[in-house]
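Novice:
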Amino acid sequence: MIEILSPTELARAKDTGALVAGILQTLRNRSGVGTNLLDIDRWAQAMIVEAGAQSCYVDYEPSFGRGPFGHYICTSVNDAVLHGLPHDYALADGDLLTLDLAVSLGGVVTDSAISFVVGEAKDAADTAMIAATERALSAGIAAAGPGVRLGDVSHAIGSVLDAAGYPINTQFGGHGVGSTMHQDPHVPNAGRPGRGFKLRPGLLLALEPWVMADTDELVTDADGWTLRSVTGCRTAHSEHTIAITEDGTEILTLPRA
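Residue numbers for the sequence shown follow the UniProt record's numbering, so the first one is 1 and each next one is one higher.
(1) Please report the straight-line C-alpha distance between V153 and D95, rounded to a whole angstrom.
(2) With a Cβ-Cβ cutoff of 8 Å, do T253 and H237 count as a contact?
(3) Please report the distance separating the alpha-carbon of P7 from that of G202.
(4) Might you give, ordered along the chain, the residues of its own chain that have their beta carbon closer than 7 Å to the beta carbon of L27, omitting 5 neighbours on each side?
(5) Alpha carbon to alpha carbon, how far is E61 from G173?
(6) By how many angstroms is the C-alpha of L91 removed from the C-alpha of E120?
(7) Are L207 and V187 touching if we call contact CB-CB under 8 Å?
(8) Near D79, which residues of its chain fall below 7 Å by C-beta distance, leaving aside the five closest residues on each side in sequence?
(9) Could you compute how far the alpha carbon of I244 sits from the alpha carbon of M129?
(10) What is the DSSP secondary structure of K14, reduced to helix, strand or coil?
(11) Given D15, which residues of its chain have a CB within under 7 Å of its CB, disregarding the five upstream and five downstream residues?
(12) Which full runs of the beta strand (DSSP E) of 3+ residues lie inside the region 117-200, going along the chain?
(13) Below 8 Å on the Cβ atoms is my guess for G22 versus P255; work out the distance and round it to an integer in Å.
(14) Cα separation between L82 and Q171?
(15) Between the Cα of D93 and the Cα atoms of G194, V117, D111, P193, which residue gives the shortest distance?
(16) Can you tell me whether residue 268 is helix, strand or coil according to DSSP?
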């Protein structure tokens, strides 16, 4: 299903996006050496509940997971890149942490992810990889707009990642959002320009370039959820929810001033 939001729903989506951005910013500021992933999950839960919002993860039970997920945020560390299940682990100096959060407020969902190094970065390759996903995200957003083909967005993302030398996995990527977290269209992180669905005003897209340093192959943890690089290499992931508007795009998951 591809869902097109009304102006009233879009206004609610802006509130949801601001909430997601604010929670992620707070969690980033609170996450340091020694922070336990379960504490991050509890902090996320408290902020979601306080806002009168609902987690998109607690009851999430897709075909590819061993559900329900049962937590409020995805916490992926080092070689984990997607769907990191929070567990009893204290962050160490130099860990590369990805936080991925999707929340519903007022019946509308937004989704965002950030990657950052905890404490002191030990390897410049980590910060370069994070920066590459952020550049790819910016390129995808810049390419999007009313009448644009979805392949143009995927191509813009993939061109940045490819130029930076990262293999690209297209099994998991961006997606539509709206009244639910995962909707059509799928937005792979590589594509052919001029192909695919034509973007329309009112469409919300979660764009999420993610990479692994030296492979495009994933392996699933014994927890049934956490996806890691098959080689054990480091990973990074950046994501924003955007709205297609009459004259361009609007990033919904930026913190409010």
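Idealized CB from N, CA, C, for every residue including glycine.
Specialist: By the coordinates alone:
(1) 31 Å
(2) no
(3) 7 Å
(4) I40, W43, A44, L99
(5) 18 Å
(6) 12 Å
(7) yes
(8) R228, S229, G232, C233, R234, T235
(9) 28 Å
(10) helix
(11) L105, G106
(12) 174-177, 183-187
(13) 6 Å
(14) 12 Å
(15) V117
(16) Residue 268 lies beyond the residue range present for the chain, which begins at 1 and ends at 257; the question has no answer from this structure.
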